[in-house]
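Going by our numbering, the sequence shown opens with residue 8, and the numbers climb by one from there. In this text, a Cβ means the ideal position worked out from N, Cα and C, and glycines have one as well.
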Amino acid sequence: SAGLGHYFGVDAVWIRIVLILLVFAGFGTGILAYIILWIVTPEAITTTEKLEMTGEPVTISNIEKKVREEFENVSDKIKNADYDKYGNQIKTGAGKIGNSFGDFIMTIFKIFAKFLGVILIITGITVLFFLLIGIFTLGSGAFIDFPWQGFIEAGNFTDYPIWAFGLLMFFAVGIPFFFLALLGFKLLAPNMKSIGNIAKYTLLALWLIAVALAISIGIKQASAFAVDGRVVKKETINLNPSDTLFIKFKHNDYFAKNVEDRNDFMVTQDSTGNDIIYSNEVSFKIEKTEEKAPYIQIEKEARGKSLSDAKQRAEQIKYSYKIIGNQLILDNYLLTELKNKYRDQEIEITLFVPEGLLLKIDSSVQNYDRSDDEYFNLHYSSDNYIYKVENSQIKCLNCPADENEYNDVDTDTQNDSIETSVTINEDGVSVTNDTLINSKKNLKELKINKDGIIIKTN
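This is the structure:
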């Protein structure tokens, strides 16, 4: 309508009124005509087309005038533009984006804080619950019936009662977890009231005292193992010159199923119902002596806060062995009363043997043998081997040659020990053995009679 009004030199308002009247007068044909003209009529893009649209002649002066008018319109728009308004709009948009991102980050942190708060609450309350159970259990008579009560008594290296340890652990461990639980509640409910400075400083003081006492007791516990004490017993083993010393370990059916059933530390009861500490911390080794007769040395060892304390605890160790004829029978365990407490008690057995002595070692010894393999190497393949004490090493007289790892298998003795059978009767002289002749053939039989000499080989 504006274009038509400009073309005919009429105000655009009158053109619009005419078009409205045509709509009602033509029963909508005006709308159809408008749509057709809108589609068909090309858009005025160039200056010439714009002049033709307004009905002005296309001349140089008109073109110049039109260009000047458009330039002035653009200049006026640039001059009259509200840059502050546009700047504020840009700032407002950037601020909205920044605020939205900040709100998103804060939401993430709040969710994480809530989740962390739940974790802290659950952890703190759980630890406090078990600490309360522990302290009430340690302080009650029901604790005496627990199977692990003996282990705690044996491991209590101080003279303080067990319930005191429970109370100490409750304050030393429980107070930090109590504050962790409070922190969790604070993360869930930031407006939650504080417990107050008096309660905070009181709990802090209790915690410092508990930690100081725990450190003091820890030092005392460590000092209980500071010194190693021992008690030594020696006994000579009287043997005939032709005797072979037989050595074995035995177990106690009351404490173990067999000699291989080992337990380094166990709190149990003896046959009379007394609480005792049972242990298989027993070691055995063989060493050389210049004495004419073999002898055994038993060392009872224990630790303590002083030399006298350690030695006294070592003396309280019960250990037994027997010497029956040419047999040395050793217990594979030690015992001590529970009141002596666990102080790393152990038994070291040393058998000193002179040169020329013959030994036979039972298979039960292999679990406790701590001998130097260069001097005595115990062969595990059989317990029927015979060992002989020589100048610098104990040799095995009948061990397989393929077990000569430490050069302790006496191969010469094996060859010399082969039996030879000589028979003399009316048929003549018969010699039978399994030895080698020139290391090539086995001599099976040798006969000397009236027919001459008969030699049979394998």
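Under 9 Å between C-beta atoms of residue i and residue j
i       : j       : result
Phe-291 : Tyr-394 : no
Ser-230 : Lys-295 : no
Phe-253 : Asn-333 : yes
Glu-412 : Gln-400 : no
Glu-355 : Glu-306 : yes
Gly-181 : Leu-135 : yes
Tyr-285 : Leu-337 : no
Tyr-302 : Lys-241 : yes
Gly-225 : Phe-184 : no
Asn-287 : Asn-265 : no
Arg-320 : Thr-343 : yes
Pro-361 : Ala-300 : yes
Val-351 : Arg-310 : Here residue 351 turns out to be Asp, not Val, going by the sequence shown. Yes. Within cutoff.
In DSSP terms, what residue i is bridged to
i       : result
Thr-275 : Ile-283
Gly-332 : DSSP, once it has assigned bridges, lists no residue as partnering Gly-332.
Ala-309 : Gly-236
Glu-355 : Ser-290, Glu-306
Cys-403 : Tyr-394, Val-416
Ile-4   : Here the chain covers residues 8 to 465 and nothing more, so residue 4 does not appear.
Val-360 : Lys-295
Asp-379 : According to DSSP, Asp-379 bridges with nothing at all.
Lys-325 : Leu-342
Exposure of residue i, with buried meaning 16 or more beta-carbon neighbours within 10 Å
i       : result
Lys-469 : In the structure as shown, the chain begins at 8 and stops at 465. Residue 469 is therefore absent and cannot be evaluated.
Gly-203 : exposed
Leu-127 : buried
Thr-357 : buried
Asn-198 : exposed
Pro-248 : exposed
Glu-76  : exposed
Ile-142 : buried
Leu-314 : exposed
Ile-205 : exposed
Leu-385 : buried
Val-372 : buried
Ile-151 : Summary for Ile-151: the model assigns pLDDT 49, below 50, so the residue's position carries little reliability, and this model does not support an answer.
Leu-138 : buried
Glu-308 : buried
Any non-hydrogen atom of the ligand MG within 8 Å of residue i CB
i       : result
Lys-207 : Among the components of this structure there are no ligands whatsoever, and the ligand MG is therefore not found.
Euclidean distance between Cα positions of residue i and residue j
i       : j       : result
Ile-324 : Glu-353 : 8 Å
Val-239 : Asp-268 : 27 Å
Asp-110 : Gly-191 : 23 Å
Leu-175 : Leu-215 : 11 Å
Lys-346 : Leu-365 : 43 Å
Lys-318 : Tyr-392 : 39 Å
Ala-221 : Leu-195 : 34 Å
Ile-444 : Lys-402 : In this predicted model, Ile-444 has a pLDDT of only 39, less than 50, meaning its place in the structure is not dependable; the value taken from the coordinates is given anyway. So the two alpha carbons sit approximately 27 Å from each other.
Ile-283 : Asp-260 : 16 Å
Gly-236 : Asn-245 : 30 Å
Leu-335 : Asp-316 : 32 Å
Phe-383 : Asn-398 : 12 Å
Trp-170 : Val-218 : 16 Å
Phe-359 : Glu-297 : 9 Å
Phe-122 : Leu-213 : 30 Å
Leu-189 : Thr-275 : 44 Å
Ile-368 : Lys-255 : 7 Å
Leu-404 : Met-273 : 40 Å
Ile-330 : Thr-243 : 10 Å
Lys-193 : Ile-112 : 20 Å
Thr-251 : Asp-390 : 14 Å
Thr-209 : Thr-279 : 51 Å
Secondary structure of residue i, DSSP reduced to three states
i       : result
Lys-193 : helix
Val-180 : helix
Tyr-349 : coil
Thr-209 : helix
Asp-268 : coil
Ile-368 : strand
Phe-143 : helix
Lys-200 : coil
Gly-148 : For Gly-148, the predicted model reports a pLDDT of 48, less than 50, meaning its position is unreliable; a value from the coordinates is still stated below. Helix.
Glu-242 : strand
Glu-344 : strand
Asp-441 : For Asp-441, the pLDDT reaches just 47, beneath the cut-off of 50, and the residue's location in the model is therefore unreliable, although a value from the coordinates is still provided. Three-state DSSP puts Asp-441 in coil, outside helix and strand.
Asp-409 : helix
Asp-316 : helix
Leu-175 : helix
Ala-300 : coil
Asp-495 : Nothing in the structure corresponds to residue 495, since the chain is present only between 8 and 465.
Asn-374 : helix
Leu-385 : coil
Ser-107 : helix
Ser-249 : coil
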